[in-house]
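According to my numbering, the sequence shown holds residues 1322 to 1785 in order. Note that beta-carbon positions come from the ideal geometry of N, C-alpha and C, so glycine has one too.
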Amino acid sequence: MRVAIAGAGLAGLSCAKYLTDAGHTPIVLERRDVLGGKIAAWQDEDGDWYETGLHIFFGAYPNMLQLFRELGIEERLQWKEHTMIFNQPDTPGTYSRFDFPDIPAPWNGVMAILGNNEMLTWGEKISFGMGLIPAMIRGQQYVEEMDKYSFSQWCQKQNIPSRVEKEVFIAMSKALNFINPDEISATILLTALNRFLQEKDGSKMAFLDGSPTERLCQPLVDYITARDGQVRLNAPLKEILVAEDGTVRGFVIRGVHGAADEVLTTDVYVSAMPVDPLKLMVPQPWKELECFQKLQGLEGVPVINLHLWFDRKLTDIDHLLFSRSPLLSVYADMSNTCKAYADPSRSMLELVLAPAKDWIGKSDQEIIAATMAELAKLFPHHFSGDESASLLKYHVVKTPRSVYKATPGRQACRPDQRTPVVNFYLAGDYTMQEYLGSMEGAVLSGKLAAQAIVEDKQQRTRRN
Ligand SMILES: Cc1cc2nc3c(=O)[nH]c(=O)nc-3n(C[C@H](O)[C@H](O)[C@H](O)COP(=O)(O)OP(=O)(O)OC[C@H]3O[C@@H](n4cnc5c(N)ncnc54)[C@H](O)[C@@H]3O)c2cc1C
C-alpha cells in the first residue's frame, strides 16, 4: 500500500517508519527544505547549530525511547542527574534543587519535594499534597475531568496556597506549554505530575547529543528510505483533492522554483501537518464533519528560542534550568549539556522566551536586549563591573504558532488519528493521545496513525 504523508516533523516521520515496518510504502512530503518541523535546526556560517526549540527528553517518554532503540541510536540520549534545578529570583545567582533519590516511585518524588526547603514551607507542601489526593486516587479520569479549569482555578478549588503556584508552577506551566498557570488547563500540569510521581524515572531528563535534525530525523529518513519509502523536501501540500464519494482523490503538491504543480495519487493519505495549516486546507465537503469542525478550537501558541554565544564560561551546570524569570522559561548552557556543542571555555546558552505573545512581533535586537537584562539577574557575577562577559553572537528563532495552546476545554477539540473519511488519517502532537503537545505525543500520534491504517487495511482485506 502506498501512503502519502504531508509533514516531515516527528509525527510524519514516525508514521512513515511504522508503515515501513508493516511492509507499506510511505511518501513523506515536507513543505520546507529542512526536516523536523518544531525540532528543525540549522547550521550558521560558522558551522554552529541553532534550533527551533530547546528540547528535553523525559524518562516518561516510552514511545520515544523505544524509537531510539529501534533505530539503534539510544546512546545519543545524554541522561542527566535526576534533579530539577530552579533559579532563586530573590537571591540572584543561586539555585534550589529537587533531588530525586534512587528509590521506587512515588517515594522518590515525595522525597524530592520534602527535601526542598527553600521554595516551599512544610505547610505549603502538606496543602499541596492534600490537594493532589483526588488525582492520585482517581488517576487519569480525574485529570481529564479537570480540563474545565485552568491550573490557577484548580489550585483555588483544592485550597492550595497561591505561593505554591508562584514558586513552582509558573515555571512548570511555561516549560510545558509556553503560557502561565492562569491560562493553562489543569489537565496539562496534572498529567505531567501524575507521570512524574508514578514512574521512578519519569522526570529524569536527557539532552540529545547534537542537532535533532542530524541526530534524530536523519536516522529516521535513512530507515524509511532503506525500506523503499521516500521523504521529499520542498514539497508543500497545496490542496487535498476530494472525489465524489467524499474520499481523497489525490494530494496536489505545489511546484517550487517555477516548477508545475503535481498531483500525487496513493492508496491512503495522512496529514502530519500542524493543526493551523490543516485548518486552512480542510476541503469544502468535509467542513460540516464534527472531526474537522472541532479543529477550529485549536491554535498554535507563540514561542521564541534564543541562542547566545559568550566569550567565557558562565556556569558549569550540566542540566536544564528553570529560570523563574517573567521573560524567560527554561534554559541550558549547551556547551555543557550537549556533546556536539561542547566548549570548555565558552558558554552557549539556549533559552526559551515564553509567554511570547507580546514579543513575537518585536525585532531580534529588542528581544536580545531584554534577554541580556534578565541574564544580568541570572548570572550577576558575570554581568557586572568592568570585566563583564561579552555576547559574541546570537540567533533568534520565532515560532508564531507552535504546539496547540492548551487552555481549558481543548481536550474535547483534539481529533482521533482516524477520521470519518475512510482513506484520510491524522498524525501530529495535537491529535488525541495521552502525551499532550510534545515530542513523545508526536511520535505516538504517528505510530497510532500507522496502526490504524494497517488495521483498517487488514479489515478491508478480510471483508473482500
Ligand atoms: C521552543 C520549543 C520547545 C519545545 N520543547 C520541547 C521539549 O523540551 N520536550 C518535548 O517533548 N517537546 C518540546 N516541544 C514540542 C515538540 O517540538 C513538538 O510537540 C513536536 O516536535 C511536534 O511534532 P509534529 O510532527 O506533531 O509537528 P511539527 O514538528 O510541527 O511537524 C509538522 C511538519 O509539517 C510541515 N508542513 C506544514 N505545512 C505543510 C504543507 N502544506 N505541506 C507539507 N508539509 C507541511 C511543517 O513544515 C513541519 O515540518 C517544543 C517545541 C518548541 C517550539
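With respect to Ala1343, Ala1675 sits apart: the two C-beta atoms are not nearer than 8 Å. Relative to Gln1754, the option among Glu1520, Gln1387 and Ala1733 whose CA is nearest is Ala1733. Here the C-alpha atom of Val1589 lies approximately 56 Å from the C-alpha atom of Asn1438.
Excluding residues up to 5 positions away in sequence, Cys1734 lie with their Cβ nearer than 6 Å to the Cβ of Lys1615 in the same chain. The segment 1322–1340 makes contact with the segment 1350–1358, as at least three CB pairs between them are under 8 Å. Contact between Val1622 and Ser1723 is confirmed by a C-beta separation of about 6 Å, below the 8 Å threshold. Between Ala1748 and Gly1767, the beta carbon gap of about 5 Å places them in contact (Cβ cut-off 8 Å).
Contact between the segment 1425–1438 and the segment 1469–1485 is absent, with fewer than three C-beta pairs closer than 8 Å. Between the C-alpha atoms of Asn1501 and Lys1495 there is a straight-line separation of about 6 Å. The distance from the Cβ of Lys1338 to that of Leu1541 is about 6 Å, consistent with a contact at the 8 Å cut-off. Only residues of its own chain outside the window of five on either side were considered, and among them Glu1351 and Asp1354 have a CB closer than 6 Å to the CB of Leu1554, listed in chain order. Across the structure, Gln1779 and Pro1736 are spaced so that their CA atoms are roughly 23 Å apart. A Cβ-Cβ distance of about 16 Å is found for the pair Glu1488 and Leu1453, leaving them out of contact under the 8 Å criterion. Lys1714 sits in a strand when the DSSP states are folded into three classes.
By the CB criterion at 8 Å, Leu1497 and Leu1510 fall inside the cutoff. At a Cβ-Cβ threshold of 8 Å, Asn1785 and Thr1568 do not count as neighbours. Per DSSP, Thr1442 lies in no alpha helix (DSSP H) and is assigned neither H nor E. Taking the Cβ of Asp1750 as the reference point, at least one heavy atom of ligand 1 falls within a distance shorter than 7 Å.
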